Amino acid sequence: MASVTLDALRKRFPDGTLALDDLSLEIADREFVTLLGPSGCGKTTTLRMIAGLDTPSGGRIMFDARRVDQLTPAARNVAMVFQSYALYPHMTVRRNLEYPLRKRRVAPAERAPRVAETAALLKIENLLDRLPRQLSGGQQQRVALGRAMVRDCDVFLLDEPLSNLDAELRAHMRTELVQLYRRIGHTMIYVTHDQAEAMTMSTRMVVLRGGKLQQVGTPDEVYHAPANRFVAGFVGSPTMNFVAGVLTEAAGALRFCSSSLGFVVPDMRRAELAAARSRDVLAGVRPEDLRLEPGDGPGRVLVVERLGHETIVWVGIGDERLCCRAPAQAPLAPDQPVRLTADAGRVHLFDTDGARRLIGRC
Amino acid sequence: MIRQRIGLALYNLAVWALVLAIAFPLFWMLSTALKPNQETFALPPTLLPVHPTLEQFARLLRETPFVTYFLNSVLVGLGTTAVVIMVAVLGAYGLVRFRFPGRELIAHLVLFTYLLPAVLLLLPLYVIMSRLGLANSLAGLVIAYTTFALPFALWLLRSFIASIPIDLEESAMVDGASRMRAFLEVVLPQALPGVISTALFTFILSWNEYLYALVFINVDSSKTLPPGVLTMLNQNQNVEWALLMAASVLMSVPVLVVFAFLQSHLTRGFGAGAVKG
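Sequences listed follow chains A and B, in order.
According to the numbering used here, the first sequence holds residues 1 to 362 in order.
According to the numbering used here, the second sequence holds residues 363 to 639 in order.
Right under this line is the structure:
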């Protein structure tokens, strides 16, 4: 196992696209870090550069004190699970699992017990003599994991390994992966565009956008204190509501006003607003931080989505369309007039361009 | 309904007529090869040999240098196939996987050389071979055949290798294989149908080639089957048709055997090349 340091890592493709722009990151030994972002944000490129499959255009990659960015993939001692699983189609599961051991010149007598141990851990003992095409998606996924786990690697890389599975299996494999991580304790770098995977599995999340680092933090930090509007909107489902408004000061109180929402900024947060460049701001409110009261109000229920354990309600106020969570049995119906109140202590305020968070939840 | 049946019957008739037209010369070749000399020109001609004999085959093997020609053809065929496969597989991999300036230009230039008629290159190649001291040698023929089998082989394998997911070899490299090992152990087994069909194409091309073999080789000991058999039969003023038919049968056998065993790979190979390219 090893720590991983990315130092001002850059990648520009021959066609001029800047895929990664000065990414610096410290990943501790045995940490489970997720690289999260939309398509084209540079997360897979970062992973491929760590694996040695792409060459950085600038910067350094270190495993502990060892600089690895000029080494071949084989010399880096990493293991990787590909999105497509990349199982060797002409080899049985047993030979797939043995392959990395053979390549590392592990003695034949030692290979069989290692394969058996890995197969037992992943519950694929009965599949060892099958070919990959004879396996289901979930089984292929386990074999791919097994092939990565069968040898002692320094860093374990996973490139969207769950994205080809159906929703039920994905949820199941998510918990299995977390248990597996606890058991084997490798340094893991996991790439995903699914914020739920990142939130539930990792010890730290790295949010990327357009090749630039947006935020690094624990899932809690990223969810509750997003660095900017992009992170706030990308993490969390349903997504955060954003409302443009103005800060006005009256009778000693600082108040956020907009056509749809209004609240008083808590006194303890006012000092942070000194950094605000203008009085025009963007308020971000998570659906669970909006209180919905049926009755006379400016809002009108547009859609009610009953999910069983809760209800998602879309409310129209003026030109805005806001989303809020309500209890499962909330007596709400489309076209019903409602009043919305934001929990002022939990509202985030951003610059109007969304580049910077001014204040977050208390 | 009736019109449909008539249509189907006419269609079947046309197909069978075509099959007969193609198969009859082959049948006649085999039938004549099995006839004794006096029956070859018997009037009216016999469709099947009345007194079937292997006499012509025995004479061919005993009295003519057929075996030498046959071995030369096998050597040239296998040699050309080996060289073409080795160069084309590595070349196609390079053209597909590596990014370098002029990559597409090279691929198209290679195809362009395939478009030139073989006869156009005959004399320049002969001059080159003579200067290199390779005229009258099987090696010279192997090089010549390589020049016109390689472009097609390269294009066929290029589309084949392009259809193999790059993840496979990248995974092998992460697992500890060098690029060459990943290529040999992971990419090549996936490209096997393409390699087999390319090998078949190359072997048949060199096995049947006549013009280059005729011009390049003037000594009897180095002749391959197509020019060899023809000169062998022209030595006497009267052409020995039965002997010629026996030689033709023996010439066709290796190709038929190879075809029968690898036919499924051949169709898979050409199919993949056509669709995925």
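Even for Gly, the Cβ is constructed at its ideal location relative to N, Cα and C.
The structure presented is a predicted model; accordingly, all values stated were derived computationally and were not measured.
Below 8 angstroms between beta carbons is the criterion; list the residues of the segment 182-211 of chain A that meet it against any residue of chain B, in chain order. For the segment 182-211 of chain A, which is checked against every Cβ of chain B, not one residue is closer than 8 angstroms.
Is DSSP giving K585/B helix, strand or coil here? Here residue 585/B refers to the residue found at position 223 of the second sequence. Looking at K585/B - three-state DSSP - the assignment turns out to be coil, as it is neither helix nor strand.
Can you tell me whether DSSP reads R348/A as helix, strand or coil? On the first sequence, residue 348/A is found 348 positions in, with the first residue counted as 1. The residue asked about is misnamed: residue 348/A is His in this sequence, not Arg. Residue state, collapsed to three classes: strand.
Please name the residues in the segment 46-74 of chain A whose beta-carbon is closer than 9 angstroms to at least one beta-carbon of chain B, in chain order. So the close ones are R48, A51, G52, L53, T72, P73 and A74.
Looking at the C-beta of M535/B, does it have a partner C-beta in chain A at a distance below 9 angstroms? Taking the first residue of the second sequence as position 1, residue 535/B is located at position 173. Yes - at least one Cβ of chain A is within 9 angstroms of the one on M535/B.
Start-to-end residues for the alpha helix (DSSP H) that takes in E98/A: Sequence index remark: in the first sequence, residue 98/A carries index 98 (1-based). V93 to K103 is the extent of the alpha helix (DSSP H) around E98/A.
Flag L370/B as yes if its beta-carbon sits less than 9 angstroms from any beta-carbon of chain A, otherwise no. Residue mapping note: residue 370/B aligns to position 8 of the second sequence, counting from 1. So, not an interface residue.
Can you pull the chain B neighbours of V78/A, defined as C-beta to C-beta under 8 angstroms? Locating residue 78/A in the first sequence gives position 78, counting from the first residue. For V78/A, the C-beta contacts it makes with chain B under 8 angstroms involve V536, in order along the chain.
Delimiting residues of the beta strand (DSSP E) encompassing K123/A: As a working note, residue 123/A is residue 123 in the first sequence. Per DSSP, K123/A belongs to no beta strand (DSSP E) and is neither H nor E.
Can you tell me where the beta strand (DSSP E) with F63/A in it begins and where it stops? Taking the first residue of the first sequence as 1, we reach residue 63/A at position 63. Here the beta strand (DSSP E) through F63/A covers G58 to F63.
Under 7 angstroms (Cβ pairs) to chain B, residues found in the segment 86-119 of chain A: A86, Y88, P89, H90, Y99, P100, K103 and R104
Could you say which of A395/B, S435/B and Y431/B lies nearest to A420/B if we only look at CA atoms? On the second sequence, position 58 is the one that residue 420/B refers to. Checking every option, the nearest Cα to that of A420/B belongs to A395/B.
Sequence-distant residues of the same chain with beta carbon closer than 7 angstroms to V611/B, five excluded per side: One-based indexing of the second sequence puts residue 611/B at position 249. Contacts found: M391, L392 and A395.
Quick check for students: name the residue ranges of the alpha helix (DSSP H) that lie wholly in the segment 394-439 of chain B, counting only runs of 4 or more. 399-402 and 417-425
Report the residue from V481/B, L452/B and L473/B whose alpha carbon sits nearest the alpha carbon of A544/B. Counting from 1 along the second sequence, the entry for residue 544/B is found at position 182. Nearest C-alpha to A544/B: L452/B.
Relative to chain A, which residues along the segment 542-558 of chain B have a C-beta separation below 7 angstroms, given in chain order? V548, P551 and Q552
Residues that L530/B contacts on chain A, provided the C-beta gap is smaller than 7 angstroms: Stepping through the second sequence from its first residue, residue 530/B is reached at position 168. Correct list: A86 and Y88.
What first and last residue would you give for the alpha helix (DSSP H) that runs through F263/A? Your numbering for residue 263/A matches position 263 in the first sequence. Taken as a continuous stretch (DSSP letters only), F263/A belongs to no alpha helix (DSSP H), being part of the beta strand (DSSP E) at G262 to V264.
Taking contact to mean at least 3 C-beta pairs separated by less than 8 angstroms, is the segment 518-531 of chain B in contact with the segment 545-556 of chain B? yes
Would a check of beta-carbon distances place S540/B closer than 9 angstroms to chain A? Position 178 of the second sequence holds residue 540/B. It does; some Cβ of chain A falls within 9 angstroms.
Where G635/B falls: helix, strand or coil (DSSP): Taking the second sequence and counting its residues from 1, the one referred to as residue 635/B is at position 273. Residue placement at G635/B cannot be trusted, given a pLDDT of 40 that sits under 50; the coordinates are not used to answer.
Please report the distance separating the alpha-carbon of V313/A from that of F234/A. Here residue 313/A corresponds to residue number 313 of the first sequence, with the count starting at 1. Here residue 234/A corresponds to residue number 234 of the first sequence, with the count starting at 1. Their Cα atoms are separated by approximately 20 angstroms.
Chain-order list of residues whose beta-carbon lies under 6 angstroms from that of S568/B (same chain, five-residue window excluded): If you number the second sequence from 1, residue 568/B lands on position 206. Once the five neighbours on either side are set aside, the close Cβ partners of S568/B are V438, G439, T442 and Y507.
Can you tell me whether T218/A is buried or exposed, with buried defined as 16 or more other CB within 10 angstroms of its CB? Residue mapping note: residue 218/A aligns to position 218 of the first sequence, counting from 1. Burial call: exposed.
Alpha carbon to alpha carbon, how far is V429/B from L423/B? In the second sequence, counting from the first residue as 1, residue 429/B sits at position 67. In the second sequence, counting from the first residue as 1, residue 423/B sits at position 61. Their backbone Cα atoms lie some 6 angstroms apart in a straight line.
Need the endpoints of the alpha helix (DSSP H) that Q140/A sits in, please. As a first step, residue 140/A is located in the first sequence; it is residue number 140 there, counting from the start. Its alpha helix (DSSP H) spans residues G137 to M149.
Residues in its own chain within less than 6 angstroms of A636/B by CB, not counting five upstream and five downstream? Here residue 636/B refers to the residue found at position 274 when the second sequence is read from its first residue. Any reading at A636/B must be qualified, since the residue scores a pLDDT of 39, below 50, and its modelled position is unreliable; the value itself is stated next. Result list for A636/B: empty, nothing under 6 angstroms.
Indicate whether at least one CB of chain B lies closer than 9 angstroms to the CB of T133/A. Reading the first sequence from its first residue, position 133 is the one you call residue 133/A. Going by the sequence as given, residue 133/A is Arg instead of Thr. Not closer than 9 angstroms to any Cβ of chain B, the Cβ of R133/A fails to qualify, so no.
Where S584/B falls, given that 16 or more other Cβ within 10 Å makes a residue buried: By one-based count along the second sequence, residue 584/B stands at place 222. Buried is the call here.
Closer than 8 angstroms is the cut-off here; do at least three beta carbon pairs connect the segment 335-344 of chain A with the segment 259-269 of chain A? yes
What runs of the beta strand (DSSP E), each 3 residues or longer, lie entirely inside the segment 269-342 of chain A? 280-285, 290-306, 310-317, 320-327 and 337-342
Report the neighbours of F461/B on chain A: residues whose CB is nearer than 7 angstroms to its CB, in chain order. Here residue 461/B corresponds to residue number 99 of the second sequence, with the count starting at 1. In the sequence on display, residue 461/B carries Arg and not Phe. Those within 7 angstroms of R461/B in chain A are P14.
Taking 9 angstroms as the CB-CB limit, is F82/A close to chain B? As a first step, residue 82/A must be located in the first sequence, where it is residue number 82. It does: the Cβ of F82/A has a partner Cβ on chain B nearer than 9 angstroms.
Could you give the distance in angstroms between the alpha-carbon of S57/A and the alpha-carbon of P161/A? As a first step, residue 57/A must be located in the first sequence, where it is residue number 57. As a first step, residue 161/A must be located in the first sequence, where it is residue number 161. Cα to Cα, S57/A sits roughly 27 angstroms from P161/A.
Looking at the structure shown, is I27/A part of a helix, part of a strand, or coil, going by DSSP? In the first sequence, counting from the first residue as 1, residue 27/A sits at position 27. In the structure shown, I27/A sits in a strand (DSSP, three-state: E or B).
Can you give me the Cβ contacts of V301/A inside the same chain, cut-off strictly under 7 angstroms, excluding the 5 residues immediately before and after it? In the first sequence, counting from the first residue as 1, residue 301/A sits at position 301. Hits under 7 angstroms: V313, V315, L332, A333, P334, D335, Q336 and V338.
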